[in-house]
Each structure stands twice: as C-alpha cells, then as structure tokens.
Amino acid sequence: MRYLANAVSIVFHPFFLPTYALLLLFAINPFLFSDDTGGLQARLIMIVMINTFIFPFIAILIMKQIGFVSSTELDSREERILPYIAACLFYFWCYMSIKSLPINFVASQLMLGATISVFATFFFNLFFKISAHSAAMGNLLALIILVYPLSVYNLNALIFVIIFLGAVVATARYFLNKHTLVQLASGYIVGFISQWIAFTFF
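Under our numbering, the first residue of the sequence shown carries the number 3, and numbering increases by one thereafter.
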C-alpha cells in the first residue's frame, strides 16, 4: 500500500502538473494551438517541461548535493524554502516566455495560475506547511472548469476524474504522513483560487 501511495505521489508530483495541464488543453480543443507543422505544440511542451520540471528538479538535486536540503522529499517546512524560491523563478520565467509567443492566451494564463499557486504556496509555507500536491490538483481542476467554454467536448466526465484523482493524491499524501487533512485542504483551496485569479483578473 505504501508503494502505491509513493507511486501516486510521483506520478502526480506538482512539477509534472503544468505539463499534464497543457496536454489536456491540446486534447480538449486541438484548434487552440494548431499550426501547419505541429511545431508550436512541441515548443510549448518543451518550454513548460524544462522550466516547471527539469530545471526545478535539477536545482533540488544541487541543493541536496551541497547540503541545503537533506532529501528530495523536502519533508520539513524549512527545507522547502529554497526549492520554492527556485521554483518561483523558473515558473515565472516560463510564464513570461509563453506570454511572449503569438498564441492563444489560455496557455499563458495556465502558467500564470500555476505561478501564482507556487508563489502563494511558498508564502504560506513560511508560516505553516501546506500541500503542494493538493495545490497542483486544485489548480488543474480550476483550469479545466475555466476553459470549459473553449472545449469542443463535454468535460463533465473529465472534471469528475480530476476531482477523484485529487482525492486519491490527497489520500496518498495523508497515508504517507506527509500532511494533515488541514494542510491538504489548504493546498487544494490555494491552488484552485490561484488559477481562478489568473483567469479573472489578468
């Protein structure tokens, strides 16, 4: 059971969620980011994956190597501070990179919402620990709800699946004793509101 909970935590790691979200956008409306060669979608995926997964993960590995963090799990609130700062910088750079491209605004708003979520999670982490996994899942749910009008498909089933997966991820984190229920719920709310702010006020 612990192995399964760890697997869920890895598959739905917050660093993966922006890439998953972008792929979902491609799927729910293929015309949002279409071009003659398909190169635009590949470029977007590379920008997002490099800045929200590869660079932040490398930064954490370097921090572990030089002793700033004891583990890539980042279990303690204090050890999350420097990785959060690095993630904030990479996510913001990713947002600015996508915003500069002549593409549909949805991609930049996706990254803005993710960036706001990372900044908010970092801020709250200075005072008390909240779940980054839950924040990422809440962020994803808000995104799909907000882009529903742009979809060429009925997204009711997808929304249900994302809610279910959010519960699965929260259960896994709770089972592993990584977070309390309050920390999990707080993260989910922060992530959801962050994406809503990105689409509503920017």
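Ideal Cβ placement from N, Cα and C applies to all residues, glycine included.
Note that this is a predicted model, so its numbers are computed, not measured.
Quiz item: When we look at the beta-carbon of I195 and count the other beta-carbons within 10 Å, is it buried (16 or more) or exposed?
Solution: Looking at its Cβ environment, which holds 16 or more other Cβ atoms inside 10 Å, I195 is buried.
Quiz item: Taking all protein chains shown into account, do 16 or more other C-beta atoms lie within 10 angstroms of the C-beta of S110, making it buried, or fewer, making it exposed?
Solution: S110 comes out buried.
Practice problem: Report the residue from W95, Y176, G41 and F33 whose alpha carbon sits nearest the alpha carbon of I132. | Solution: Out of W95, Y176, G41 and F33, Y176 has the C-alpha closest to the C-alpha of I132.
Quiz item: Just to confirm, are A134 and T123 a CB contact at a threshold of 7 angstroms?
Solution: In this structure, T123 lies closer than 7 angstroms to A134 by Cβ.
Exercise. Evaluate the contact criterion for the stretch 8-15 versus the stretch 165-174: three or more CB pairs, one atom per stretch, below 8 angstroms.
Key: Yes, the stretch 8-15 touches the stretch 165-174.
Quiz item: Does the stretch 39-55 come close enough to the stretch 70-79 to have 3 or more Cβ pairs within less than 8 angstroms?
Solution: When Cβ pairs closer than 8 angstroms are counted between the two stretches, the stretch 39-55 is seen not to touch the stretch 70-79, the count staying below three.
Self-check item: Assumed close pair L186, A172 - CB separation to whole angstroms, cut-off 8 angstroms
Solution: Indeed, because the Cβ distance is near 5 angstroms, the residues count as touching under 8 angstroms.
Practice problem: State the Cα-Cα distance for the pair T202 and P58, rounded to the nearest angstrom. | Solution: Approximately 28 angstroms between the Cα atoms of the pair.
Self-check item: Unbroken stretches of the alpha helix (DSSP H), 4 residues or longer, contained in the stretch 125-199
Solution: Listed in chain order, they are 134-148 and 158-177.
Quiz item: What separation, rounded to the nearest whole angstrom, lies between the Cα atoms of I64 and C90?
Solution: Taking the straight line from one Cα to the other gives about 17 angstroms.
Exercise. Compare the Cα-Cα distances from L148 to each of Q197, V184 and V163 and report the closest residue.
Key: Among Q197, V184 and V163, the Cα nearest to that of L148 is on Q197.
Practice problem: Label G189 either buried or exposed according to how many other C-beta atoms from any shown protein chain fall within 10 Å of its C-beta, with 16 as the threshold for buried. | Solution: Buried, because 16 or more other Cβ atoms sit within 10 Å of the Cβ of G189.
Quiz item: Helix, strand or coil: how does DSSP classify S78 here?
Solution: The three-state secondary structure of S78, taken from DSSP, is coil.
Self-check item: Range of the contiguous alpha helix (DSSP H) that encloses N8
Solution: Boundaries of the alpha helix (DSSP H) around N8: R4 to V13.
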